[in-house]
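Q: Okay, handing you the structure first.
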Amino acid sequence: MTLQTNTHQVTLDYYTLQDLRNIVNTTPRLALHPDVVAKIEAGAQFVLEKAAEDRYIYGTNTGFGSLCETRVENEEMEMLQFNHVVSHAVGVGEIVPQKLSRLMLFVKLLTFRTGHTGISMAPVQRLIDMWNHDIVPAIPKKGTVGASGDLAPLAHMALPLLGLGKVYYKGEVVDSAGVLEKMGWEPLRLKPKEGLALTNGVQYINSRGALALMRIEEMIKTADLFAAMSSQAFSTSETFYQAPYHETTYHPERKTVAANFRKVLEGSNHHELPTCNKSKQDPYSFRCIPQVHGAIRQAVNFAIDIIEKECNGVSDNPLFFPESDQILFGGNLHGESTALALDFVAMATSEMAYISERRTYQLLSGMRGLPDFLVNQPGLNSGFMIVQYTAAALMNENKVLCTPASVDTIPTCQLQEDHVSMGGTSSYKLETIVDNAEYILGIELLTAAQAIDFNKPLQLSPATQKLYDEFRQHFTFMERDRVMSDDMERARTYCAENRAKWIEQFGLA
13 MTLQTNTHQV TLDYYTLQDL RNIVNTTPRL ALHPDVVAKI EAGAQFVLEK
63 AAEDRYIYGT NTGFGSLCET RVENEEMEML QFNHVVSHAV GVGEIVPQKL
113 SRLMLFVKLL TFRTGHTGIS MAPVQRLIDM WNHDIVPAIP KKGTVGASGD
163 LAPLAHMALP LLGLGKVYYK GEVVDSAGVL EKMGWEPLRL KPKEGLALTN
213 GVQYINSRGA LALMRIEEMI KTADLFAAMS SQAFSTSETF YQAPYHETTY
263 HPERKTVAAN FRKVLEGSNH HELPTCNKSK QDPYSFRCIP QVHGAIRQAV
313 NFAIDIIEKE CNGVSDNPLF FPESDQILFG GNLHGESTAL ALDFVAMATS
363 EMAYISERRT YQLLSGMRGL PDFLVNQPGL NSGFMIVQYT AAALMNENKV
413 LCTPASVDTI PTCQLQEDHV SMGGTSSYKL ETIVDNAEYI LGIELLTAAQ
463 AIDFNKPLQL SPATQKLYDE FRQHFTFMER DRVMSDDMER ARTYCAENRA
513 KWIEQFGLA
């Protein structure tokens, strides 16, 4: 990944999901605002002063977890922090993408910027230097229970500061020790509390969740567009998205979906065709699009709000308050808010895919003047019959993955940590649900385009005609049976790569 020459100064401001998207996608050089530096330095000095006193300070001069009553002598505090990082680096599985590691690093800086974690400038600056030189920690995917922080993933993020572990460097995963040597960087010696500050917090599950939500936020808008294509192909009524109907409710998200429909379908004659249902009672997968897509938007907005708050807040324990001369102990290391939000939005994303799959099914059903399975000579040809099977298989997986991970807590650490969030699992399965949903939405667009070609009297709206024409430049009409796997793979990629463009092009809210 090529770093930009512009510099982003990390401030004390509130970072929205869009801000995080811009940071992780444009990868500017990073620097700290002077106010942030002052807060970090004040917090670090406060920790050193308190560590010199004859008192227990958890994670600073004591053991960790259920070993919190074990006092560690002052001369062993550096070893304590080193041991903490290396002993907690227990992640397993594939190495996560660089984009996720980068976002984790940035979100960790947002926790450090307040000075409440007690970390000094040396580790913070080393993380910034790594970012600025495109040296990205290599972090295994699995191993966090999402309480007492994402200990394992964050320990792997911290290892390169000590000259241990692995990093992405020039496109390869290599030992960090060699990279530090090339850069002329010495391994850091951690001061009191710094090992714990590096590993405590839920930056892993927050970052995984943020990346998933960046995709979902775009998908739900283009889902309106694809549903509008399907609605025309199926010759639906126009009444279900009319403004007066939706003024009877208090759900702004429904109104947004209906407004998107009115915008992109203006000029279409789909509701005037002889095949349109005269009773205006279209199947729910069409007639209830504003209600279902609107509810999904509500869940997505809720999850975004939670993730933004979590990314901007301080996730660590204990926290240090130099201004009031306080050290406070609590549970800001617990990822329950994130885990619940991700489990919730997983269900919503699955529903977005499910209603899309149902529209695909309806288009293949031989109704509204369309041929069975959208192919000439059905029987000799199977057409899109088995395309829907793949969508059904993906939906089955999504439904299984909707089981909430957050309700299946498993006690750890001799019952000291007797309730954990399992937000790591929530984040993994959400990612898979999003992947499957991308396929299913791509299948809907493939199917809608095929159905439109059979709906000869149909006059598409100017907006959707543009989408159709563009799509047909890449995906041809199925004249007779052919291998469709490649089309389905390409449709998923094509839709994902063009989401942002379509949102702007068609003015989707």
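Quick note: to get this note's numbering, add 12 to the position in the sequence shown (first position is 1). Even glycine gets a Cβ: it sits at the ideal position worked out from N, Cα and C.
Drop a sphere of 10 angstroms on the beta-carbon of Q485, count the other beta-carbons inside from all chains shown, and report buried for 16 or more, exposed for fewer.
A: As a first step, residue 485 is located in the sequence shown; it is residue number 473 there, counting from the start. Exposed, since its Cβ has fewer than 16 Cβ neighbours within 10 Å.
Q: Take S297 and list the residues in its own chain whose beta-carbon comes closer than 7 Å to its own, dropping the five residues that flank it on each side.
A: As a first step, residue 297 must be located in the sequence shown, where it is residue number 285. Correct list, in chain order: I367, R370, R371 and Q374.
Q: For P416 and M195, I'd like the C-alpha separation in whole angstroms.
A: Counting from 1 along the sequence shown, the entry for residue 416 is found at position 404. Counting from 1 along the sequence shown, the entry for residue 195 is found at position 183. Roughly 44 Å separates the two Cα atoms.
Q: Taking its Cβ as the centre, do 16 or more other Cβ atoms sit within 10 Å of S243, making it buried, or is it exposed?
A: The residue labelled residue 243 in the question sits at position 231 within the sequence shown. So S243 ends up on the buried side.
Q: Check this for me: beta carbons of G207 and F94, under 8 Å apart or not?
A: The residue you call residue 207 lines up with position 195 of the sequence shown. The residue you call residue 94 lines up with position 82 of the sequence shown. In contact: G207 and F94 (Cβ atoms closer than 8 Å).
Q: Just to confirm, are G213 and G161 a CB contact at a threshold of 8 Å?
A: In the sequence shown, counting from the first residue as 1, residue 213 sits at position 201. In the sequence shown, counting from the first residue as 1, residue 161 sits at position 149. The answer is yes: Cβ separation under 8 Å.
Q: Going by C-alpha distance, which of M231, N324 and P149 is nearest E509?
A: Here residue 509 refers to the residue found at position 497 when the sequence shown is read from its first residue. For E509, the nearest C-alpha among the options comes from M231.
Q: Exposed or buried, Y180, counting other C-beta atoms within 10 Å across all chains shown (16 or more means buried)?
A: Mapped onto the sequence shown, residue 180 falls at position 168. Looking at its Cβ environment, which holds 16 or more other Cβ atoms inside 10 Å, Y180 is buried.
Q: Take L139 as the anchor and find which of E429, E278 and L200 has the nearest alpha-carbon.
A: As a first step, residue 139 is located in the sequence shown; it is residue number 127 there, counting from the start. Checked all of E429, E278 and L200; the closest Cα to L139 is L200.
Q: Throw me the rounded Cβ distance for the H258 and P302 pair, which I believe falls under 8 Å.
A: On the sequence shown, residue 258 is found 246 positions in, with the first residue counted as 1. On the sequence shown, residue 302 is found 290 positions in, with the first residue counted as 1. Contact flag correct, Cβ pair sits at about 6 Å.
Q: Secondary structure at M13, three-state DSSP: helix, strand or coil?
A: Here residue 13 is taken as the residue at index 1 of the sequence shown, counted from 1. A caution first: M13 carries a pLDDT of 49, below 50, which makes its placement in the model too unreliable to give a value.
Q: Restricting to Cα atoms, I'd like to know which of V148, V432 and K51 is closest to S349.
A: Start at 1 with the first residue of the sequence shown, and residue 349 comes out as number 337. The shortest Cα separation from S349 among V148, V432 and K51 belongs to V432.
Q: What first and last residue would you give for the alpha helix (DSSP H) that runs through G103?
A: The count along the sequence shown starts at 1 and reaches residue 103 at position 91. Where G103 is concerned, there is no enclosing alpha helix (DSSP H), given that its DSSP letter is neither H nor E.
Q: Per DSSP, A43 is paired with what?
A: Sequence index remark: in the sequence shown, residue 43 carries index 31 (1-based). Its beta-bridge partners are Q21.
Q: Report all residues from its chain with a CB closer than 7 Å to the CB of A235; omit the five preceding and five following residues, and keep chain order.
A: Position 223 of the sequence shown, counted from the first residue, corresponds to residue 235. These residues qualify, in order along the chain: H305, M364, S368 and L453.
Q: From the DSSP output, which residues share a beta bridge with V179?
A: Translated into the one-based positions of the sequence shown, residue 179 becomes position 167. Looking at the DSSP assignment, V179 forms a beta bridge with P149 and V186.
Q: Given the structure, does K290 come close to the ligand GDP, in the sense that its CB is under 7 Å from one of the ligand's heavy atoms?
A: Ligands displayed in this structure: none; no statement on the ligand GDP is therefore possible.
Q: Which whole-angstrom value describes the C-beta separation of T211 and A170, a residue pair presumed to lie in contact below a C-beta threshold of 8 Å?
A: Numbered from 1 along the sequence shown, position 199 holds the residue referred to as residue 211. Numbered from 1 along the sequence shown, position 158 holds the residue referred to as residue 170. About 6 Å; that satisfies the 8 Å criterion.
Q: Look at the alpha carbon of F273 and the alpha carbon of A239, and state the distance between them as a whole number of angstroms.
A: Position 261 of the sequence shown, counted from the start, is the residue given in the question as residue 273. Position 227 of the sequence shown, counted from the start, is the residue given in the question as residue 239. Answer to the nearest angstrom: the Cα atoms are 9 Å apart.
Q: Pairing CB atoms from the segment 214-227 with CB atoms from the segment 311-328, are three or more of them under 8 Å?
A: With a cut-off of 8 Å, the segment 311-328 and the segment 214-227 count as touching, because enough Cβ pairs lie within range.
Q: I think A101 touches A164, with their Cβ atoms under 8 Å apart; what is that distance to the nearest whole Å?
A: Position 89 of the sequence shown, counting from 1, holds the residue named residue 101. Position 152 of the sequence shown, counting from 1, holds the residue named residue 164. Right, the Cβ-Cβ distance comes to about 7 Å (below 8 Å), so this counts as a contact.
Q: Does the beta-carbon distance from S188 to I151 come in below 8 Å?
A: Here residue 188 refers to the residue found at position 176 of the sequence shown. Here residue 151 refers to the residue found at position 139 of the sequence shown. No, the Cβ-Cβ distance between S188 and I151 is not below 8 Å.
Q: With a cut-off of 8 Å on the beta carbons, I'd call T74 and V84 a contact; round off their distance for me.
A: As a working mapping, residue 74 is identified with position 62 in the sequence shown. As a working mapping, residue 84 is identified with position 72 in the sequence shown. With a Cβ gap of about 6 Å, T74 and V84 count as contacting.
Q: Beta strand (DSSP E) containing Q338: first to last residue?
A: Taking the first residue of the sequence shown as 1, we reach residue 338 at position 326. Run containing Q338: Q338 to L340, per the beta strand (DSSP E) assignment.
Q: Have a look at E229, L479, I445 and E443 and flag the residue whose alpha-carbon is nearest the alpha-carbon of A460.
A: Along the sequence shown, read from residue 1 onward, the residue named residue 460 stands at position 448. The shortest Cα separation from A460 among E229, L479, I445 and E443 belongs to L479.
Q: In the structure shown, what three-state DSSP assignment does E409 receive?
A: Here residue 409 corresponds to residue number 397 of the sequence shown, with the count starting at 1. If DSSP states are grouped into helix, strand and coil, E409 belongs with the helices.
Q: Let me confirm a value: D355 is counted as buried when at least 16 other C-beta atoms fall within 10 Å, else exposed. Which label applies?
A: By 1-based counting over the sequence shown, the position of residue 355 is 343. The residue in question, D355, is buried, as its Cβ has 16 or more Cβ neighbours within 10 Å.
Q: Pick helix, strand or coil for A503, following the three-state DSSP scheme.
A: Start at 1 with the first residue of the sequence shown, and residue 503 comes out as number 491. DSSP places A503 in helix when its eight states are reduced to three.
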